[in-house]
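Residue numbers (this note's numbering): 125 to 262.
One structure is given below, encoded as structure tokens.
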């Protein structure tokens, strides 16, 4: 049996973590942390998450800083990060993409949009891993 892809949800607002957990747990293994420090620690634990849903506005360390650390670490730089945010300013999105995020989901969240974006990025990472295995097998 194939294991479910794993998602690390990082948000300090329990309302959003509960919504995302309820929305995604049937298809994915979900881990939840409420701050950037715990996110950085959880991202290096094995098995590593296949995808990180990361809130931007948090108390201890904002999502931009967390993403920057993730992308500078060889152990975590390949994990795709989707930002969760109430910010819809173009400059904020550009900053996030420049730091290495692969997508944005705005709050309040639309369940079909969340599912579609998560599914797309999980498929991309699975295809990339499959391609890497094929290359190594040559």
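Positions of the beta carbon are idealized from the N, C-alpha and C atoms, including for glycine.
So, residue i versus residue j, is the Cβ gap smaller than 8 Å?
i           : j           : result
residue 209 : residue 230 : yes
residue 142 : residue 128 : no
residue 249 : residue 207 : no
residue 130 : residue 153 : yes
residue 235 : residue 147 : yes
residue 177 : residue 134 : yes
residue 227 : residue 243 : no
Apart from the five residues just before and just after residue i, which ones in its own chain have a Cβ nearer than 6 Å to its Cβ?
i           : result
residue 185 : 160
residue 164 : 193
residue 247 : none
Give every residue of the same chain whose Cβ lies closer than 7 Å to the Cβ of residue i, excluding the five residues on either side of it in the sequence, and list them in chain order.
i           : result
residue 166 : 132, 155, 157
residue 211 : 180
residue 182 : 136, 159, 160
Rounded to whole angstroms, what is the Cα-Cα separation between residue i and residue j?
i           : j           : result
residue 254 : residue 168 : 21 Å
Three or more C-beta pairs under 8 Å: does that hold for the segment 157-168 against the segment 220-228?
no
Report the residue ranges of all alpha helix (DSSP H) runs contained in full by the segment 178-237; include only those spanning at least 4 residues, in chain order.
187-196, 214-223
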